[in-house]
Every structure is written in structure tokens, then in C-alpha cells.
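Numbering (our numbering), first residue to last: 84 to 390.
Backbone N, C-alpha and C define an ideal beta-carbon position, used for all residues, glycine too.
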């Protein structure tokens, strides 16, 4: 049997096949190029995401977001530390977490922007913890306990004044581990518009494994005001102080004198656990806050008041 081929159709079929092969090759090459480009972009994105996770920068819009919560600890740092890190460009600092404690590392040039009050002053490379009574105020860690002590003393004197006392004394006693010998004494007096104040203090300790550090403050008032309830901060939840206020304000001022023993733990600046967490966040084996918290919990305040 004789088979005849149509040369024209054969040529057209061959040409179409070649064209299809060329088109397929071009498409495959384009797809491969796009695939490589996508892989490169994905690699860049993954690298950027890893750097973002590593450096964890904080940007202004995040800071002002209603859902953003300030950590309890802020460290003031120089922005030069991360000036050349691309993911940190435009940031006001960064967030870190150590031993479960979150810390905001705030660039010193953004302190004013933050709107936070730092006590006593802003110092680069210093660490601050939040004031328990005002979350927009942060106190430098080496001043926290001294600041709290001063505020407690002032509050007790204010309580005595508001209740119309003629005289009050505050005696401080604590047990500390200290081998140094110290003897200090000071006295000073100042007349105020509403009272006559005479304050004396004496602090001494002897060489021992269980030294006693003590001090006493005495204040005299004119005692002529009508008793009024003082605004409480440190002693707001102290039952003995509140009972004293109730007796003086609600029971026709029948009380003439009272001596209260106030445990340091009842108005402690922070718990021992919190102090340990702050030390862990500060790092370098610090136990400063732990030691201060332990000493504060061992405090005893004798508050004597006369009307």
C-alpha cells in the first residue's frame, strides 16, 4: 500500500512543535528565574524576621499603642549601642526578657518623648523600677529603698499632724549582717508655720554577726487643729494605723496617747521575690535588691503619739 505524505502539513506540524518547545523552554526559564527570585526574597524576609526577633526594637507607634504595657523595669542606654543595626532604625529602644522579667532599654534621647518621670535624675546606663503607687514614675534601683524609707517617715509625721497630735516619735530598728562599726548622731530643729519641730537622730551599730541599727525621730506640734483623716499611701492598708485614725476621728478624740509597733513587711517597698527578679534582670550576679528587701522586712517601727 502506498502512503502519501502532505509535505506542507508536515512542515507546519514540525514548525509548531519547535515553537511549542521554544515557548516551553522560555516559560520554564522564566519560572525558574522567578522561583530563584522568590527564594532570594524569602531568604531576605526570613533573615529580617530573625534580626527583628533578635533585636526586638520598640518603635514610637508601638509605644503609643493602647495595648502596649510598660515593663516594670527600664534601663537608660545610649542609642549608639545599636546605631548601625538596620532593623533598629527609627526605634526608641528595645525590649528584652531575662529570667522572666521584661526590661525596656530606652535610648537616652527619647526620655522626654516617653513622658516618664525618672527619680532622682536620668542617668545613662542606670536601671529604674516602677513606683508601686504611680506607674508613670520610675525610681533608680539604688535609690528605691531609701526613697521609700523617707516617704514612710514623712507619712507618719503627717498622720500625727492631721490627727492633732502634740508630740510624736518614730523609732527605727533593724537587724543587719554587718561587721563595720559605725557611730553617728545628728540633731537639728526647724520652726514651721503650723508646728514646732525638734528632730534628733542617732544611729549606731557594734561589731557583731547580728548588728542592730537604730534611729529615733521626735516631733512636736502645737496640737490645736481639729482631727482630720490623713491621705495614706504606705500605710493605707495597715490595720493599726487605720484603727488609730478611727479612734481619733470617730470616737470624740478620747485617745490621749498610743504606741504602735509597725512591722517592716506591712509597708514593704517590694516583695523578696520581686527584688530577686530585678537583680536577675540587672545581671552580673547582683544581689543588691535582695539584700535591701531582706533588711527592710526585718525593720520595726515604733510609732508613739501624744495628743
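For residue 184 and residue 145, the gap between their C-alpha atoms comes out near 20 Å. Taking the C-beta atoms as reference points, residue 382 is found nearer than 8 Å to residue 255.
Cβ atoms of residue 189 and residue 173 stay farther apart than 8 Å, at about 15 Å.
For residue 188, the pairing in a beta bridge is given by DSSP as 158 and 177.
The shortest CA-to-CA distance from residue 198 to any of 365, 186, 218 and 170 is the one to 218. Here the C-alpha atom of residue 340 lies approximately 46 Å from the C-alpha atom of residue 364. By the criterion of at least three beta-carbon pairs nearer than 8 Å, the stretch 368–377 is not in contact with the stretch 313–328. In the DSSP assignment, no residue is bridged to residue 328. Residue 209 is not a Cβ neighbour of residue 302, given a cutoff of 8 Å. Judged by DSSP in its simplified three-state form, residue 312 adopts coil rather than helix or strand. Residue 131 counts as exposed, since fewer than 16 other beta carbons sit within 10 angstroms of its beta carbon. Relative to residue 369, the option among 318, 224 and 133 whose CA is nearest is 224. As the crow flies, the alpha-carbon of residue 221 is around 35 Å from that of residue 332. Comparing alpha-carbon positions, the option among 384, 156 and 366 lying closest to residue 213 turns out to be 156. For residue 143, the closest of 250, 169, 196 and 136 by C-alpha to C-alpha distance is 196. The beta carbons of residue 171 and residue 191 sit no closer together than 8 Å.
For residue 227, the number of other beta carbons within 10 angstroms of its own is at least 16, and it is reported as buried. Per DSSP, reduced to three states, the secondary structure at residue 339 is coil, with no helix or strand assignment.
Annotated three-state conformation of residue 249 is coil, per DSSP. Separation of residue 168 and residue 129 (C-alpha to C-alpha, rounded to the nearest whole angstrom) is 16 Å. Excluding its 5 nearest sequence neighbours in each direction, residue 308 has C-beta neighbours in its own chain below 6 Å: 247, listed in chain order. Here residue 346 carries a strand assignment [DSSP, helix/strand/coil]. Within 10 angstroms of the beta-carbon of residue 135 lie fewer than 16 other beta-carbons, which makes it exposed. Looking at the DSSP output, residue 211 sits in a beta bridge with 157 and 223. Annotation for residue 196: the continuous alpha helix (DSSP H) segment containing it runs 194–197. The shortest C-alpha to C-alpha distance from residue 233 to any of 151, 316 and 358 is the one to 316. Note: residue 242 is not bridge-paired with any residue in the DSSP secondary-structure output. Between the alpha carbons of residue 160 and residue 215 lies a distance of about 23 Å. In the three-state scheme derived from DSSP, where H, G and I count as helix and E and B as strand, residue 200 is classed as strand.
Separation of the CB atoms of residue 361 and residue 300 is rounded to 29 Å, and the pair is thereby denied contact status at 8 Å.
Per DSSP, residue 387 is one residue of the beta strand (DSSP E) stretching across 383–389.
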